[in-house]
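These protein sequence lines are chains B and R, in that order.
Residues in the first sequence are numbered consecutively from 1, following this note's numbering.
Residues in the second sequence are numbered consecutively from 1001, following this note's numbering.
One structure is given below, encoded as structure tokens.
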Amino acid sequence: MIALLETLKAHPPFSFLDKTSFAAIEHNAQIAYYPNDTILIEPHTFFDKLFVIIKGMVEVNNHEDELIDVYRIHDVFGGIELLKNEASLYRYKVTEELICYEISHETFLKLCAANKAFKDYFFSSIVERFEMLKEKREYAAMSDLMMARVDKSILHEACILPSDMPIIESLKQMEAYNAASVIVKNPQGYGIVTDADLRYYILHQQSKNLLSLSDIQSYPVISIEEGELLFNILLLMTEHTIKHLPVLDKEGKVLGVLELIDLLSFFSNQSHLIAAQMEKASSLEAVIDAAKRVEIMISALHAKGVKSRYIAKLVSEINKKMYIKLFEMIFPKSWHDKCALVLLGSEGRGEQILRTDQDNALIFEEGFMPDNIEEVTQHFILALDQIGFPRCSGNVMVINPQWCKSLGGYKEDINKWIDHQNGESLINMAILFDSAAIAGEKDLHTRLREYLIAKTREYPNILAYFAKPVEYFESALGFFSRFVTGAKEHQNEIDIKKGALFALIHGVRTLALEHAIEPTNTILRIKALNDIGFMSKEDASELIEAFEVINSLRLHSQLEKLAKGKKVDNYISIVEIGKLERDLLKEAIKSVDSFKKMISYHFHLSMVG
Amino acid sequence: MFEKLKRRWNRKHLNDERFAFLFDEKVPSDEVVVFDCETTGLDPQKDHIVSIGAVKIKGDKILTDQALHLYVQQKEGIAHESIKIHQIRNCDLHSAVTIEEAIESFLYFIQNRTLAGYYLEFDIAMINKYTKKMFAITLPNKQEEVSALYYDKKISTIPQGNIDLRFDTIVENLALPRLKAHDALNDAVMTAMMYLKLKHTTKLK
């Protein structure tokens, strides 16, 4: 088969086709080349084939020459017109040298007749296509999982003993190593002794005069070389019903032992495991170990198509357990009922998935000021460093005295912020308003938030100033719904945080402050705004959906950057994502833009300087 | 003048009138056949053809729907080294045809069209080795070397430069999609894309 065709298989709607259909395409499709500015289809003319882009770009304009759509690599067009037998409404023009597949009208209709899912794709709405995309991702993740290879991190240290060692002696060694099996070193190659062999020993040691390891070992041992596919290993272990498998390096030396149970847990969802591990952790090292596995869990869940808001929830649940552990281990007992550990910013809203930064604070009871504050807070931040939380660039951390003081101290701050509104004070207010107490005497935090809300009720004028930053950044969508991309190294990328996400979160935050809404999470805040009747159900679900789409695409791009070892940022490439995702993203940004307008109007932002 | 003479000489030798069409003077102007042979080695004298991939270009279209992909039966097993390159294993050759059948199918496929390819000289020499034996002729078709097309467009920008003519370099330079598979048909398709792109390019950066 022509390899170009092969790559189509990974993309909907072609991912729905079977072998026979692909053979049909192979025997009927042609590859066409079109230079720049070729008009493929004029308005009011009919498509006579389906176009599948291999490389290049096609722009679609209506009769007023407004840009309607852009098609890029792997995109398909002409399908719906062919199915409905309708003339095209638009002009399709090549704007970047095009190499494409052309599938004839008859072949396409035959494929549609034989494959319902394939045909339905062309009639499906954007939302339905989004669901299909998730399925595709699941498929991709499955293959990723299949492609994972064995490396040292999953192995147990091998307990290697000589074959002439007396069995009783070897049992002592096994216990010392805490090993589930013994690798037996023979003059020629390795053998293995597992619990089944030991059972044999106990039953037959007298009758058969069993003395040394060589008498009971399974020899030669089944082993694999490092770098083998985990999936193949699973097959091998199932085939031979073995639970312990030595892994050898290229020279045939034992690297370690792979246990079936670890392999199976690798293949299954890890969230439960991490949570349990976190709860059981009795040392700082154990907490750090468990926390380090969260990232793997995130990729796995995302690949399975789990909505980012649920991933965020799961991550913040695990993080909550982690913070409680850290609090118990690092903060002296005498502090526990006299201070509150508080998370702020995205962590406070329970929306941080990947570790982008840490924002934390301490609130002390009035009159309680231990001398070793600096030592303790440093220790706490160092532990977070080790887990992999980058430090907050704005220095919103417990090691900053501004975010580590008494309740009264914070209240004074709030008074100052309200008296002298400036950029910094408004940011601090926003940060504090998104805070959530995680450990210690949580009542301290509740009292602080109540004070903040009461104060803003007293001075409602502040809300307009508070809301103003919604307008600070231009939308990521410009004229004619074109994406506004970044400069130089961010060519073909949009900054989704500045271009949409910030306005959404901040707008919702301001409304939450106005209406004294308790939850800090953006989705919960939107739901609450709907409950009190401020927002209609349609508007609320549209905004939540937009938030979900943006977060999901951002997470996707961040995970990819992480996998490539690049810096995790807020840029989304609009070239690397598929057409579907681009359309969804546009819809989402449009929703945010109209929400922004509503905020501007509601708080009369045009009157605020 | 000399070319014409050679052509007539060649025609006179043809001993199988079924293939007279090869010498037909009326050539379809916008049609080209791009082809590639996978062989057991790089010496046309000693080595054999393992497979032939060919695809027609008509205008600006690559007619992949009429592609030709033939595997040739081997007298000796394929040497270990060339398996590594082509990834054609001996077991892939079950549906293979004899070299004589392959050459005939190939000639019927190309007719009197212009032939194009990457390092075409070698592939032509491989085919000629058999056509000489079978029909006492060499391929009379017009030939276009894709790397030469590339060279011409490139040399106008760097007149004194050393031009890298490796297949992969050309693919990259022309910003063509890269195909993973390395078999005769896929290479022919790749070369066809190069050919089309170069036909539309006046100058290369």
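Note that the Cβ used here is the ideal one computed from N, Cα and C, for glycine as well.
Here the structure is a predicted model, which is why all the values come from computation and not from measurement.
Which of helix, strand or coil does DSSP assign to residue i?
{"i": "R554 (chain B)", "result": "helix"}
{"i": "H156 (chain B)", "result": "strand"}
{"i": "F1135 (chain R)", "result": "helix"}
{"i": "K55 (chain B)", "result": "strand"}
{"i": "G367 (chain B)", "result": "coil"}
{"i": "F1035 (chain R)", "result": "strand"}
{"i": "E64 (chain B)", "result": "coil"}
{"i": "F483 (chain B)", "result": "strand"}
{"i": "F77 (chain B)", "result": "strand"}
{"i": "K405 (chain B)", "result": "strand"}
{"i": "I288 (chain B)", "result": "helix"}
{"i": "E225 (chain B)", "result": "strand"}
{"i": "L98 (chain B)", "result": "strand"}
{"i": "K1203 (chain R)", "result": "coil"}
Can you tell which of the options has its C-alpha closest to the C-alpha of residue i?
{"i": "L477 (chain B)", "options": "B:L255, B:F16, B:Y465 and B:I494", "result": "B:I494"}
{"i": "A303 (chain B)", "options": "B:P332, B:S557, B:P187 and B:G486", "result": "B:S557"}
{"i": "R1008 (chain R)", "options": "R:T1138, R:D1152 and R:N1162", "result": "R:T1138"}
{"i": "Y1209 (chain R)", "options": "R:E1025, R:K1153, R:I1155 and R:E1104", "result": "Nothing can be reported for residue 1209 (chain R), as the shown portion of chain R is limited to 1001 through 1205."}
{"i": "L585 (chain B)", "options": "B:K597, B:G79 and B:K497", "result": "B:K497"}
{"i": "I353 (chain B)", "options": "B:K411, B:L314, B:Q386 and B:V342", "result": "B:L314"}
{"i": "H336 (chain B)", "options": "B:I233, B:F389, B:E441 and B:C392", "result": "B:E441"}
{"i": "I99 (chain B)", "options": "B:K55, B:F108 and B:A114", "result": "B:K55"}
{"i": "L625 (chain B)", "options": "B:H156, B:E285, B:R349 and B:G189", "result": "Examination of residue 625 (chain B) is not possible in this model, given that chain B is present from 1 through 609 alone."}
{"i": "G408 (chain B)", "options": "B:V396, B:L362 and B:N400", "result": "B:L362"}
{"i": "K292 (chain B)", "options": "B:K280, B:I274 and B:R309", "result": "B:I274"}
{"i": "F331 (chain B)", "options": "B:H379, B:E347, B:V342 and B:M369", "result": "B:H379"}
{"i": "L230 (chain B)", "options": "B:K250, B:I261, B:Q206 and B:N530", "result": "B:I261"}
{"i": "M369 (chain B)", "options": "B:D357, B:P401 and B:N395", "result": "B:P401"}
{"i": "Y1118 (chain R)", "options": "R:I1057, R:G1059, R:F1167 and R:E1031", "result": "R:F1167"}
From the DSSP output, which residues share a beta bridge with residue i?
{"i": "A436 (chain B)", "result": "B:L343"}
{"i": "H1069 (chain R)", "result": "R:G1053"}
{"i": "G499 (chain B)", "result": "According to DSSP, G499 (chain B) bridges with nothing at all."}
{"i": "P246 (chain B)", "result": "B:V257"}
{"i": "K49 (chain B)", "result": "B:S104"}
{"i": "I192 (chain B)", "result": "B:I183 and B:S218"}
{"i": "Q1074 (chain R)", "result": "Beta-bridge pairing links Q1074 (chain R) to no other residue."}
{"i": "S360 (chain B)", "result": "Correcting the residue type first, residue 360 (chain B) is Asn in the shown sequence and not Ser. According to DSSP, which records beta bridges pairwise, N360 (chain B) is partnered with B:L343."}
{"i": "V1097 (chain R)", "result": "R:V1072"}
{"i": "K1058 (chain R)", "result": "R:E1031 and R:K1061"}
{"i": "Q30 (chain B)", "result": "B:E102"}
{"i": "T1114 (chain R)", "result": "R:V1032"}
On the CB-based measure, 16 or more other CB atoms within 10 Å of its CB, does residue i come out buried or exposed?
{"i": "T238 (chain B)", "result": "exposed"}
{"i": "H1048 (chain R)", "result": "buried"}
{"i": "S223 (chain B)", "result": "buried"}
{"i": "Y92 (chain B)", "result": "buried"}
{"i": "I80 (chain B)", "result": "exposed"}
{"i": "I599 (chain B)", "result": "buried"}
{"i": "H27 (chain B)", "result": "exposed"}
{"i": "N492 (chain B)", "result": "exposed"}
{"i": "E97 (chain B)", "result": "buried"}
By how many angstroms is the C-alpha of residue j removed from the C-alpha of residue i?
{"i": "M322 (chain B)", "j": "I523 (chain B)", "result": "24 angstroms"}
{"i": "M1194 (chain R)", "j": "L83 (chain B)", "result": "34 angstroms"}
{"i": "L511 (chain B)", "j": "S282 (chain B)", "result": "42 angstroms"}
{"i": "L444 (chain B)", "j": "L382 (chain B)", "result": "25 angstroms"}
{"i": "I462 (chain B)", "j": "R554 (chain B)", "result": "32 angstroms"}
{"i": "I610 (chain B)", "j": "V247 (chain B)", "result": "Only positions 1 to 609 of chain B appear in this structure, which leaves residue 610 (chain B) out of reach."}
{"i": "L1179 (chain R)", "j": "L1204 (chain R)", "result": "22 angstroms"}
{"i": "N1186 (chain R)", "j": "A1192 (chain R)", "result": "10 angstroms"}
{"i": "I216 (chain B)", "j": "E226 (chain B)", "result": "27 angstroms"}
{"i": "H44 (chain B)", "j": "E106 (chain B)", "result": "20 angstroms"}
{"i": "P12 (chain B)", "j": "D18 (chain B)", "result": "13 angstroms"}
{"i": "S536 (chain B)", "j": "G367 (chain B)", "result": "47 angstroms"}
{"i": "V592 (chain B)", "j": "K527 (chain B)", "result": "16 angstroms"}
{"i": "M674 (chain B)", "j": "I387 (chain B)", "result": "Only positions 1 to 609 of chain B appear in this structure, which leaves residue 674 (chain B) out of reach."}
{"i": "V1055 (chain R)", "j": "D249 (chain B)", "result": "46 angstroms"}
{"i": "H74 (chain B)", "j": "N115 (chain B)", "result": "20 angstroms"}
{"i": "R349 (chain B)", "j": "D434 (chain B)", "result": "6 angstroms"}
{"i": "H658 (chain B)", "j": "L1107 (chain R)", "result": "Given a span of 1 to 609 for chain B in the structure shown, any question on residue 658 (chain B) remains unanswerable."}
Using a C-beta cutoff of 9 angstroms, does residue i count as contacting chain A?
{"i": "D1168 (chain R)", "result": "Annotation note: the requested chain A is absent from the structure, which comprises protein chains B and R."}
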